[in-house]
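In my numbering, the protein residues as written are 3 to 579.
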């Protein structure tokens, strides 16, 4: 696989750091990878877009799933994951997750994470949608992510791992052989350096999190703009299954025009017995699935949307008044506070909820060691597509995936270093062009992209809505290229224009994949193709970016992913978006 040659327009790097490995991102996946690499004696640098604890991990409420309870087994966890994944999970990837997961959680506890305990002294485990057993370990009631983030950040600081905060990574550096040689990045004034610089390293681990900000309403923080996926595409990497965006069923409804990050009402609330009801108090999930409110997320989200359509309603309700004040205050203090901050008291009234963009099950395609199709480039966590989640992530598998696959990446890099196949490659200085080849979008394009995606590629999709979205995204793309090529103008380099450009890149890929998959499967819901079609579509959709910025979109021949080891690629017919 060769690089596309496409880079974000940015000033030339003015400073550089040398390392053995650079980890991009500071959530559970990134910090775990960094700690394991540092423990193996590798010079490790962590680059993160905000502060160390500002990523998506800290917002995870429900917990981390693993077969830790009495009578539970990895095989049962495997079965639940495969069912949720709707026929597209890589079974071997899931088996790795569920068998290595329990010990990975124990190592996390040894690192300093404190989970809630039962009255008997063991871990207090709860249940969430799609799980047939209580296997969700949680902390602080509903503050699991915050506790995991705290423990990992403290460990990183205690061990002296070098960090660069407030830094947006721009592009991958490669050597003359096309191997990874580091990254360029821009530090936003509060870190160790100012302006654009570089970290030279033969191994790069992308752990940049999700892309929820591509939609108007999301549970993701403002930093989740798909930067890792966009960087990987420009570097020539393959991405897969980007059409499978999970919309969390129960997000606090703040009004039809609400935009940006929305408060999540954890699935654990339903796990403890809350009911989904309509305005008349009817439990509409009964009879739709054997697990009712605890069905897999795609089924619950569809159930809510169908009821909203039937009743011409803007939202449904989550009723947990029967919990009482004490349980709300002790088990779900974070959610209680968020609801009350918006004028809703769950102790005395049902919570208005509606689905919102939550988690990308697809991403940069990797193998079981986290290796992408670009030599030396790894990915883990939400930015990656390991094959674990298939068409729909099982609740609370994401934190576990970040742990398990980050450890596997660190082991692979350490082995390569010990065998002498990992060595510093300092690339030649990148040419700085007065006329950049890749135009940057103006900052206001961000809102435009979000509205296009919400209207055309949200919970409900169709050929018509996706075509309309693709046309509007193409117009934005063409408009920016025309301004550059005909007038020599592009938006000024900066965080807001880089983020908008990254969002357009991932939006185009998502829409192209969603249009190609002419069926309903998992969290991909086509109104015009309501049935699941295993004969034709039990396959993966893989996308690459061509040097001319068109998309090469193809479908795998079988449900199995091809190897990530670089091989000659067949010529793909470009698909202009």
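C-beta atoms are modelled at their ideal positions from N, C-alpha and C, and glycine is treated no differently.
Between residue 400 and residue 138 the beta-carbon gap is near 12 angstroms, outside 8 angstroms, which marks them as no contact. For residue 23, the closest C-alpha among the options 226, 121 and 183 is that of 183.
For residue 444, the closest alpha carbon among the candidates 7, 5 and 11 is that of 11.
The residue from 201, 191, 150 and 147 with its alpha-carbon nearest to that of residue 497 is 191.
Ranked by Cα distance from residue 466, the first of 528, 69, 565 and 224 is 528.
A distance below 8 angstroms separates the beta carbons of residue 246 and residue 526. In the DSSP secondary-structure assignment, residue 263 is bridged to 220.
Residue 525 sits in coil when the DSSP states are folded into three classes, being neither helix nor strand. Closest in alpha carbon position to residue 476, among 499, 450 and 545, is 450. With respect to the 8 angstroms criterion, residue 64 and residue 146 are classified as neighbours on the basis of their beta carbons. In this chain, the beta strand (DSSP E) harbouring residue 199 covers 197–202. Taking the Cβ atoms as the reference, residue 238 lies roughly 10 angstroms from residue 377, outside the contact range of under 8 angstroms.
In this structure, the alpha-carbon of residue 228 lies about 37 angstroms from that of residue 329. Assignment of residue 190 by DSSP, reduced to helix, strand and coil, places it in the coil class. Bridge pairing for residue 183: absent [DSSP]. Burial check for residue 17: the Cβ neighbour count within 10 Å stays below 16, so the residue is exposed.
For residue 479 and residue 506, the gap between their C-alpha atoms comes out near 8 angstroms.
Following the DSSP letters along the chain, one finds residue 420 inside the alpha helix (DSSP H) bounded by residues 399–420. Taking the Cβ atoms as the reference, residue 187 lies roughly 6 angstroms from residue 49, within the contact range of under 8 angstroms. DSSP, reduced to helix, strand and coil, places residue 560 outside both helices and strands of the structure shown, so it counts as coil.
Counting the other CB atoms within 10 Å of its CB gives residue 263 a total of 16 or more, which places it among the buried residues. For the pair residue 407 and residue 266, the Cα-to-Cα distance works out to about 26 angstroms. Between residue 547 and residue 499, the C-beta gap is not smaller than 8 angstroms, which leaves the two residues out of contact. Inter-residue distance for residue 417 and residue 536 is about 39 angstroms (C-alpha atoms, whole angstroms). Inclusion of residue 166 and residue 13 in the CB contact set at 8 angstroms is not warranted, their separation being larger than that value.
Nearest to residue 275 by alpha-carbon distance, out of 388, 324, 389 and 316, is 324. For residue 214, the closest alpha carbon among the candidates 561, 202, 307 and 361 is that of 361. For residue 318, no alpha helix (DSSP H) run applies; the uninterrupted beta strand (DSSP E) run containing it begins and ends at 318–321, by DSSP. Between residue 38 and residue 421, the C-beta gap is not smaller than 8 angstroms, which leaves the two residues out of contact. Straight-line spacing of the CA atoms in residue 310 and residue 296 works out to 19 angstroms.
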